[in-house]
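Just so you know, the protein sequences line up as chains A and B, in that order.
The first sequence begins at 0 in numbering that gives the first Met the number 0 and counts up by one.
The second sequence begins at 0 in numbering that gives the first Met the number 0 and counts up by one.
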Amino acid sequence: MTPLIVFEAVACPLPLDNVDTDQLIPARFMKRPRSDGYGQFLLHDLRQDASSPACALDQDRFKSCQILIAGRNFGCGSSREAAVYALADFGFRCVIASSFGDIFASNAVKNGILPAVVSPEQAETLLAHQGVIQGETMIIDLPDQCIRIGNHTVDFSIDPVWKTQLLNGWDDIDMTVSYASDIARFNQSDAVARPWAQPDRSPAQ
Amino acid sequence: MTERAGSLSSRPKTLIDKIWDAHVVVDREDGQSLLWVDRHLLHEGSFHAFDQLAKRQARLHRPDLTFGIADHYVPTRNRDSLAPEIKRMVDQLSDNCAKHDVTLFGLDDPRQGIVHVTIPAQGLTLPGTIMVCGDSHTSTHGAFGAYAFGIGASEVAHVMMTQAIWQKRPKAMRVTVEGALPAGTSAKDIALHLIATIGADGAQGHAIEYAGSTIRALSMEGRLTLCNLSIEAGARLGLIAPDDTTFAFLRGKPFAPKGAAFEAAVHAWLSLRSDEKAVFDREITIDATALAPTLTWGTTPEQALPITANTPDPATVGDAARARTLTDALDYMGLKPNQPLTGIAIDRVFIGSCTNSRIEDLRAAAAVLAGHRAKVPGLVSPGSSAVKQQAEAEGLDRIFTEAGLQWVESGCSMCVGMNGDLVPAGERCASTTNRNFKGRQGPGSRTHLMSPAMVAAAALTGHLTDVRTLTQGAHR
Numbered sequence: 000m001t002p003l004i005v006f007e008a009v010a011c012p013l014p015l016d017n018v019d020t021d022q023l024i025p026a027r028f029m030k031r032p033r034s035d036g037y038g039q040f041l042l043h044d045l046r047q048d049a050s051s052p053a054c055a056l057d058q059d060r061f062k063s064c065q066i067l068i069a070g071r072n073f074g075c076g077s078s079r080e081a082a083v084y085a086l087a088d089f090g091f092r093c094v095i096a097s098s099f100g101d102i103f104a105s106n107a108v109k110n111g112i113l114p115a116v117v118s119p120e121q122a123e124t125l126l127a128h129q130g131v132i133q134g135e136t137m138i139i140d141l142p143d144q145c146i147r148i149g150n151h152t153v154d155f156s157i158d159p160v161w162k163t164q165l166l167n168g169w170d171d172i173d174m175t176v177s178y179a180s181d182i183a184r185f186n187q188s189d190a191v192a193r194p195w196a197q198p199d200r201s202p203a204q
Numbered sequence: 000m001t002e003r004a005g006s007l008s009s010r011p012k013t014l015i016d017k018i019w020d021a022h023v024v025v026d027r028e029d030g031q032s033l034l035w036v037d038r039h040l041l042h043e044g045s046f047h048a049f050d051q052l053a054k055r056q057a058r059l060h061r062p063d064l065t066f067g068i069a070d071h072y073v074p075t076r077n078r079d080s081l082a083p084e085i086k087r088m089v090d091q092l093s094d095n096c097a098k099h100d101v102t103l104f105g106l107d108d109p110r111q112g113i114v115h116v117t118i119p120a121q122g123l124t125l126p127g128t129i130m131v132c133g134d135s136h137t138s139t140h141g142a143f144g145a146y147a148f149g150i151g152a153s154e155v156a157h158v159m160m161t162q163a164i165w166q167k168r169p170k171a172m173r174v175t176v177e178g179a180l181p182a183g184t185s186a187k188d189i190a191l192h193l194i195a196t197i198g199a200d201g202a203q204g205h206a207i208e209y210a211g212s213t214i215r216a217l218s219m220e221g222r223l224t225l226c227n228l229s230i231e232a233g234a235r236l237g238l239i240a241p242d243d244t245t246f247a248f249l250r251g252k253p254f255a256p257k258g259a260a261f262e263a264a265v266h267a268w269l270s271l272r273s274d275e276k277a278v279f280d281r282e283i284t285i286d287a288t289a290l291a292p293t294l295t296w297g298t299t300p301e302q303a304l305p306i307t308a309n310t311p312d313p314a315t316v317g318d319a320a321r322a323r324t325l326t327d328a329l330d331y332m333g334l335k336p337n338q339p340l341t342g343i344a345i346d347r348v349f350i351g352s353c354t355n356s357r358i359e360d361l362r363a364a365a366a367v368l369a370g371h372r373a374k375v376p377g378l379v380s381p382g383s384s385a386v387k388q389q390a391e392a393e394g395l396d397r398i399f400t401e402a403g404l405q406w407v408e409s410g411c412s413m414c415v416g417m418n419g420d421l422v423p424a425g426e427r428c429a430s431t432t433n434r435n436f437k438g439r440q441g442p443g444s445r446t447h448l449m450s451p452a453m454v455a456a457a458a459l460t461g462h463l464t465d466v467r468t469l470t471q472g473a474h475r
């Protein structure tokens, strides 16, 4: 995974609360292999509605955006990692919102996307910021946990463990493999402590 | 070692703590714990994770603790001639399970059904276990006192390879529900009321324990519905301490412990309750006696109201962003501000999904429909092939078909529309499912979430209806 440290990019405003994973990628596209590229399906149905703020994604000034700004409870809903694939394949590296669905946020970090939490007021301010609206770039500074646009700076919060993972581009599986003997040891003592936890495949009595 | 875990020897523990502590393989200094996973459930959508495994040329570590179920894409009709892209999804799961020696409840297996319906019925969901699945409604299994949560594809691949998962200990929320549920209400109404009260993100970062006399009186079916909807309040999981209702359900189930082993297990499970003085990070109380049949009017489960209410009026809402959200939802749903919910015309109904497709749900809907014709078309998809069989033995299928509804096979079906069971654009569906998101049941579809009895009432009148007015004999 590519480490994410400090980067500068255009941010696209999406002034919506509760952008759920069904909006991020409608279920009917999820049969496709990832190699097809999921970016084309990002917010697919909302972008068909000319009155939706999601249409900003198709405007020239936001074409190269790598940051998305939204309201509360972004990524609520299903556990589909395809929602994150759609964002990543579109080119996003950071979503700024006042809160995130738990599973979405975890999936995002595993794909190198930063879920940056700001206060609801700060989210509103950024969504209305003239620089953002005009497609100026902003700086995401993960070590300092801040967002800078023009002379405006906003702090964001991020789980410290996720921060470390993103900064280093770490992969969980590689890390866990180093604990293989701990897992085996746990399993041995657990099998004695909780013999009932094993599925009983014997025929009914 | 986390602060909370630091003094665990003397501190009273919640049920959540007890299960957590029994599964810690390693506590890392940064507060993450590596937890042992007792059950890992896979479905057609798990192909992303199998692909990750293939890329690493890795094997699935514990096939004996892993189960595959075909549910998300399976057709509910004409199973003999699968559409090519559906067949590819179903075959992909079969091939991957065969390759990794995973037990599969496939399309032709009598145990086939929705993962969160058939796995508990097989006795694979046990109190005090940790269960994961690449599906957010894995919280359902908490009904048995299991610590069960949905994970993404990368985590699925991680569990496949290690049988363990990194987690940060969640905050604990207790939702205490007291009193007898009034006629016409059920677990679905408790859940929708809770979500409307605390918000769709109200329980973010928390695990919920449901407690109180109302919860104790719920059947396993009701508990499964309630825990299922925990994710719609933003909680990763919701659970209920196991009791005699739980043990009676599990006794004799195919994969549950048998004979003396079962008695020993029950003895162990009896300790799975929060200590009297355990402290929760947040407490919510609900008076069940004040509940009315509740349903959603908008495009998020938090936009729920009693059937006796009117739609909200954004003009009376001070906060601009909130007013904008309400207006957007009303527009999408084709509703006006301050419109009575009763009387909103519907186009079709759906009874099914991991939320409300169990035998008790079908009985509740059938009790309202019995002897009458529905005014709108609809689909009834039982939660598993076994539930279907039982319903047919009870004659419920005839009640549905005589009412004019379609009685079909089991799967996720019209809840998520992956298998082609869709609500056409612009149509309004009264649905027993879990998400009323825009386009969830098909592009442009409009979903109202409610209990099976309320869906049956709407089917009979052709509009959103207070089921209590029907069951009391009026307005039929």
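Glycine included, C-beta positions come from ideal geometry on N, C-alpha and C.
In terms of CA proximity to R71/A, V94/A leads the group V94/A, D57/A, Y84/A, D154/A. Of the candidates A10/A, N150/A, L67/A, P52/A, P52/A places its Cα closest to the Cα of R323/B. With a 10 Å radius around the Cβ and a threshold of 16 neighbouring Cβ atoms, H140/B comes out buried.
When beta bridges are read from the DSSP output, N435/B appears opposite no residue.
In terms of beta-carbon proximity, M29/A lines the interface with chain B, with at least one pair separated by less than 8 angstroms. Between C428/B and the set A328/B, H371/B, T295/B, G382/B, the nearest pair of CA atoms involves T295/B. Contact of R78/B with chain A is not assigned, every C-beta pair being separated by 8 angstroms or more. Straight-line measurement puts the Cα of T152/A at about 36 angstroms from the Cα of D312/B. Per DSSP, A87/A is one residue of the alpha helix (DSSP H) stretching across 81–89. The beta carbon of P305/B sits closer than 6 angstroms to those of A291, T293, all from its chain and outside the five residues before and after it, given in chain order. D360/B counts as buried, since at least 16 other C-beta atoms from the protein chains shown sit within 10 angstroms of its C-beta. With a threshold of 8 angstroms between beta carbons, Y37/A makes no contact with chain B.
Legend: CB atoms of the region 52–65 of chain A lying less than 9 angstroms from CB atoms of chain B are not found in any residue. Look at F6/A here: in three-state DSSP terms it is strand. Residues of chain B whose Cβ lies closer than 8 angstroms to the Cβ of W169/A do not exist, since the nearest Cβ in that chain is about 11 angstroms away. In this structure the region 10–22 of chain A lies against the region 63–83 of chain A, because at least three pairs of beta carbons, one per stretch, are closer than 8 angstroms. Of the candidates R38/B, A287/B, C411/B, R38/B places its Cα closest to the Cα of A196/A. Interface with chain B (8 angstroms Cβ-Cβ cutoff): D154/A is excluded. Counted as a single uninterrupted DSSP element, the beta strand (DSSP E) harbouring I148/A occupies residues 145–148. Taking the Cα of T326/B as reference, the smallest distance to any Cα among K170/B, T310/B, P339/B is reached at T310/B. Straight across, the Cα-Cα distance linking A57/B with D189/A is about 25 angstroms.
Shown in chain order are the members of the region 138–165 of chain A whose Cβ falls below 8 angstroms from a Cβ of chain B: D158, P159, V160, T163. Against Q22/A, the close residues of chain B are F436, K437, G438, in the order they occur along the chain (beta-carbon pairs closer than 9 angstroms).
Within the DSSP secondary-structure output, Q405/B pairs in a beta bridge with L378/B. Flagged as an interface residue toward chain B: I182/A, by a C-beta distance shorter than 8 angstroms.
Taking a Cβ-Cβ threshold of 9 angstroms, the residues of chain A close to M160/B are I172, T175, V176, in chain order. Here G438/B has S444 as same chain residues with Cβ atoms under 7 angstroms from its own Cβ, once five neighbours each way along the sequence are excluded. Taking the Cα positions, L3/A is about 49 angstroms away from A287/B. K276/B sits in coil when the DSSP states are folded into three classes, being neither helix nor strand. Under a criterion of Cβ atoms nearer than 9 angstroms, the residues of chain A adjacent to D29/B are, in order, P159, V160, T163. Straight through space, the alpha carbons of Q166/B and D158/A are spaced by roughly 12 angstroms. Boundaries of the alpha helix (DSSP H) harbouring A458/B: 451–460, taken from the DSSP string. Any Cβ of chain B closer than 8 angstroms to the Cβ of R46/A would place that residue at the interface, and such an atom is absent. In the structure shown, T315/B falls within a helical segment according to DSSP collapsed to helix, strand and coil. Unbroken alpha helix (DSSP H) runs of no fewer than 4 residues, entirely contained in the region 117–184 of chain A, are found at 119–127, 129–132, 159–167, 171–176, following chain order. Contact between P32/A and H43/A is absent: CB atoms are separated by about 17 angstroms, not below the 8 angstroms threshold.
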